[in-house]
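A.B. asks: Can you read through this structure? Questions will come right after.
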Amino acid sequence: EAQVTQNPRYLITVTGKKLTVTCSQNMNHEYMSWYRQDPGLGLRQIYYSMNVEVTDKGDVPEGYKVSRKEKRNFPLILESPSPNQTSLYFCASWDRATGELFFGEGSRLTVL
Amino acid sequence: AQSVTQPDIHITVSEGASLELRCNYSYGATPYLFWYVQSPGQGLQLLLKYFSGDTLVQGIKGFEAEFKRSQSSFNLRKPSVHWSDAAEYFCAVGPLGDYKLSFGAGTTVTVRA
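Line by line, the protein sequences give chains A and B.
Going by the working numbering, 70 is the number at position 64 of the first sequence; the sequence numbering is gapless.
Going by the working numbering, 172 is the number at position 79 of the second sequence; the sequence numbering is gapless.
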């Protein structure tokens, strides 16, 4: 089954404690992206990757890092989380043939 | 720059009634338009998309959308809603064949019995 898998789905942490949200896709897509969803703001892109070792900033990259060492994985790293990073995070991969974005189920992060 | 406006933050509809969700976009060239649905606790799922051809497109779950270039709109409709249609709906626009989609703020649909 084609899917994008994120972990953890839920996480509560404290300010300054580094964390990583993993994302993996099994569709061999080159493009992957991270979004955050906040009420009234829709989805905003954090970072994206066009292929292995190629990443770039989206609209709201501050406070986040990413890496793309393998095609299937695209982890999101919060080196020093702050309360304003409390949000619902989605990973997505893009099917170039159909133009469709495939989304993971989301990771709800709370930073105290 | 591309942008999407969903004027309705929240819509309540009775089960069996019709539903229309509005989407207006701003884009300088031929747009690639999408509607996604997010059920509670789930990721976003593609309902339908438009990039050319017939301006009335059919999607999954009985949804359809109509592209109106003159009005820069891509409204989503369903003739008869089911309780399972309660969800948040997002309209998105992007360049043809490009991954750079812009999403609207979303419309939450509540279905009452």
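Ideal Cβ positions, reconstructed from N, Cα and C, are used throughout, including at glycine.
If you reduce the DSSP assignment to three classes, tell me which class B:Arg162 lands in.
C.D. replies: Here B:Arg162 sits in helix by DSSP.
A.B. asks: Put A:Asn79 into one of helix, strand or coil per three-state DSSP.
C.D. replies: Strand, per DSSP.
A.B. asks: Put B:Ile102 into one of helix, strand or coil per three-state DSSP.
C.D. replies: Reduced to three states, the DSSP call for B:Ile102 is coil.
A.B. asks: Expressed to the nearest angstrom, what Euclidean distance is found between the alpha-carbon atoms of A:Ala8 and A:Arg50?
C.D. replies: Looking at the two C-alpha atoms, the distance is approximately 24 Å.
A.B. asks: A:Glu59 versus chain B: which residues are under 9 Å apart at the beta carbon?
C.D. replies: Those do not exist, as A:Glu59 stays about 18 Å from chain B at its closest Cβ, beyond 9 Å.
A.B. asks: With three or more C-beta pairs closer than 8 Å as the rule, is the region 98-106 of chain B touching the region 129-146 of chain B?
C.D. replies: No: fewer than three Cβ pairs fall under 8 Å.
A.B. asks: With C-beta atoms as the reference, is B:Ser165 less than 8 Å away from B:Arg115?
C.D. replies: No, they are not a contact pair.
A.B. asks: Does A:Tyr95 come within less than 8 Å of chain B when only Cβ atoms are used?
C.D. replies: No, because no Cβ of chain B sits closer than 8 Å to the Cβ of A:Tyr95.
A.B. asks: Starting from A:Gln43, follow the beta strand (DSSP E) in both directions and report where the run begins and ends.
C.D. replies: Per DSSP, A:Gln43 belongs to the beta strand (DSSP E) from 37-44.
A.B. asks: What is the DSSP secondary structure of B:Lys171, counted as helix, strand or coil?
C.D. replies: Strand, per DSSP.
A.B. asks: Just tell me which of B:Thr200, B:Val202, B:Thr201, B:Leu194 has its CA closest to the CA of B:Leu126.
C.D. replies: Closest by alpha carbon: B:Leu194.
A.B. asks: Does the beta-carbon distance from A:Ser55 to A:Tyr70 come in below 8 Å?
C.D. replies: No; because the gap between Cβ atoms is not below 8 Å, this pair is not in contact.
A.B. asks: Quick one: is A:Trp40 near chain B, going by C-beta distance under 8 Å?
C.D. replies: By this cut-off, A:Trp40 is not an interface position.
A.B. asks: For A:Glu111, list the residues DSSP reports as bridge partners.
C.D. replies: Answer is none; A:Glu111 lacks a bridge partner.
A.B. asks: Quick check on this structure: which residue in B:Val130, B:Gln138, B:Asp147, B:Ile153 has the alpha carbon closest to the alpha carbon of B:Val209?
C.D. replies: Absent from the model: residue 209 of chain B. The displayed extent of chain B is 94 to 206, so no value can be given.
A.B. asks: Output, in chain order, the set of chain B residues within a Cβ distance shorter than 7 Å of A:Phe109.
C.D. replies: Neighbours of A:Phe109 on chain B, chain order: Gly136, Leu137.
A.B. asks: Whole-angstrom Cβ separation of A:Ser30 and A:Thr11, contact assumed at under 8 Å?
C.D. replies: That belief holds up - the Cβ atoms of A:Ser30 and A:Thr11 are roughly 5 Å apart, short of 8 Å.
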